[in-house]
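Everything in the sequence shown is counted per our numbering, starting at 35 for the first residue and increasing by one.
In what follows, a structure is listed as structure tokens, so that the remarks can point back to it.
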Amino acid sequence: MLKRQFKIRGLDCAEEVAILKRQLGPVAGEANLAFDVLRGRLTVAGPVPEDAELLRLVGETGMSAELWDASRPEGARSRLRARLRDYLMIGSGLALLGGDNEGTARSVAAAAGITGFRAELLPADKVKIIEELVDRWQSVAMVGDGVNDAPAMARSTLGIAMGAMGSDAAIEAADVALMTDDIAHLPWLIGHARRTLRVIKQNIGLSLTVKFVFAALSFAGYASLWAAIASDMGVSLVVIANGLRLLHAPNKGKRG
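This is the structure we're talking about:
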């Protein structure tokens, strides 16, 4: 029998499952609907309703859906492991904090290539762990997509949410939202942030150096007003040009 999988945004608990059953049951038959709340997925057995009609029906509930390609998971996992290796190479550590049982957390951590994990955590437990990490390392980023992640994301130094499939609470608490829902973009994001900070420091350093030089020349009687104006304008153009280099920054982490 034909089976189709859909990724459902907003499928967080049994209440949403009941809503979808009431909405889709009369069309597809409740026996043909299977829900995976943990992954936010819906499996529909049979050709009814058509994909477009199902997406419309889900949209009427306030949730949203997209067709899930069964060929994506393995490629996504291998790509994720490669990107996380890039993440480790830029000097950062990784840990998985999950609310699921230990077996599930262990399998997810193994699939992602993460060695450290904690399981069966309540939202308060996640907050406590993040606070401990912040006290120890000062800078801690947390990536999450659910309501239970929001308090810990708010407590972290940098909260990163899955923008497309993440809950509204997680997106609101986050500092950054990955709109493609691809965590493999994380190493690129960190690298780009570091490049941006480096350019800012270069621009500030250049501006202050030129101003100090002309201040000293002015006191010595070697600088004219027009020279000072010309140098200031010249530095402004150099600063703008230096900042524009970020538009051509490497985007290796964004591909795939």
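For each residue, glycine too, the CB sits at the ideal point set by N, CA and C.
Computed from a prediction, not measured in an experiment: that's the story for all the values here.
For Asp-134, no alpha helix (DSSP H) encloses it, and the DSSP letter there is neither H nor E.
Taking Arg-90 as reference, the option from Asn-182, Asn-66, Val-61 and Gly-74 with the minimal CA-CA separation is Val-61. Sorting Arg-170, Asn-276, Ala-52 and Thr-77 by C-alpha distance to the C-alpha of Arg-232 places Asn-276 at the top. Straight through space, the alpha carbons of Gly-137 and Glu-154 are spaced by roughly 10 Å. If you check the CB distance, Leu-76 and Ile-42 come in under 8 Å. With respect to Ala-175, Thr-149 sits apart: the two C-beta atoms are not nearer than 8 Å.
The Cβ atoms of Ala-139 and Gly-147 do not sit closer than 8 Å to each other.
Judged by DSSP secondary structure, Gln-39 falls within the beta strand (DSSP E) whose first and last residues are 37-43.
When the alpha-carbon of Val-272 is set against those of Leu-240, Met-187 and Ala-204, the nearest one is in Leu-240.
The shortest C-alpha to C-alpha distance from Ala-207 to any of Ala-257, Val-177 and Thr-243 is the one to Val-177. Cβ-Cβ distances below 7 Å link Glu-50 to Gly-44 and Met-97 in the same chain, with the five nearest sequence neighbours on each side left out; the list follows chain order. Counting along the chain, the unbroken beta strand (DSSP E) around Ile-194 starts and ends at 192-196. Cβ atoms of Val-161 and Pro-185 come within 8 Å of each other, at about 5 Å. For Arg-73, no beta strand (DSSP E) segment is defined, and its DSSP state is neither H nor E. It is roughly 35 Å from the alpha-carbon of Val-269 to the alpha-carbon of Gln-172. Closest in C-alpha terms to Arg-229, from the list Glu-165, Leu-278 and Ser-252, comes Leu-278.
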